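Before any comments, here is the structure.
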Amino acid sequence: MNSLKKFITTALLSSLAFVGGCTAKHIDPADRDTTGSYDGVWVVSVDAPKADRVPMPGNVVMHCSWEPYEFNLKVDEGRLLLEGYTRESVVSTEGNFRFDWDAGSVRMQSGVISGSANEIVGIYAGNLAGQEPGGKFTQYVASLGGNTCSADMSIRRKS
Numbered sequence: 026m027n028s029l030k031k032f033i034t035t036a037l038l039s040s041l042a043f044v045g046g047c048t049a050k051h052i053d054p055a056d057r058d059t060t061g062s063y064d065g066v067w068v069v070s071v072d073a074p075k076a077d078r079v080p081m082p083g084n085v086v087m088h089c090s091w092e093p094y095e096f097n098l099k100v101d102e103g104r105l106l107l108e109g110y111t112r113e114s115v116v117s118t119e120g121n122f123r124f125d126w127d128a129g130s131v132r133m134q135s136g137v138i139s140g141s142a143n144e145i146v147g148i149y150a151g152n153l154a155g156q157e158p159g160g161k162f163t164q165y166v167a168s169l170g171g172n173t174c175s176a177d178m179s180i181r182r183k184s
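The C-terminal position of the sequence shown is numbered 184 in this note's numbering, with every residue numbered one higher than the one before it.
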């Protein structure tokens, strides 16, 4: 009976971790826009989080406590670059993008959860096409998956 509980718990946590990573699909580099339609500098405005506290598996509560902020993203030949990051992503021919980044280790009142699977992952995902480009920012703990902190993003081309 104990092994059945362990199996069910493992299956549940694995599925939650999968759901946490499904914010928006990754863009295939082969689908990168090469027309220059999205090239330039874009200003991204991230709203305050939709919730202050998000319950996570294992009696953990994630605090979503950022203030609204803005940053620039640069698109060059369909490659999306964020200042301060060495990695890059791509913008698709339809204007879709997704940029994942490590936001640090999980901090708890009793210390830090150890292990690389306990990194906080941030994802900027959206679309640059149309009259009102926008997207969503999500943040979650890799090992816990499931629930996320999230906020809407508005995007405009910088003049």
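The C-beta atom is built at its ideal place from N, Cα and C for all residues, glycine as well. Just so it is clear, the structure is predicted and the values come from calculations on it, not from any experiment.
- Using a Cβ distance threshold of 7 Å, residue 114 and residue 105 count as a contacting pair.
- Assigned with DSSP and collapsed to three states, residue 76 falls in coil, not helix or strand.
- Residue 56 carries a helical assignment under DSSP once its states are collapsed to helix, strand and coil.
- Annotation for residue 116: no beta strand (DSSP E) segment contains it, and DSSP assigns it neither H nor E.
- If you draw a 10 Å sphere on the C-beta of residue 109, you find fewer than 16 other C-beta atoms in it, and that means exposed.
- In summary, residue 164 is buried, with 16 or more beta-carbon neighbours lying within 10 Å of its beta-carbon over all protein chains present.
- Straight through space, the alpha carbons of residue 51 and residue 98 are spaced by roughly 17 Å.
- Measuring C-alpha to C-alpha distances from residue 74 to each of 57, 181, 175 identifies 175 as the nearest.
- If you draw a straight line from the Cα of residue 178 to the Cα of residue 72, it is about 6 Å long.
- Pairing residue 77 with residue 158, the inter-Cα distance amounts to about 26 Å.
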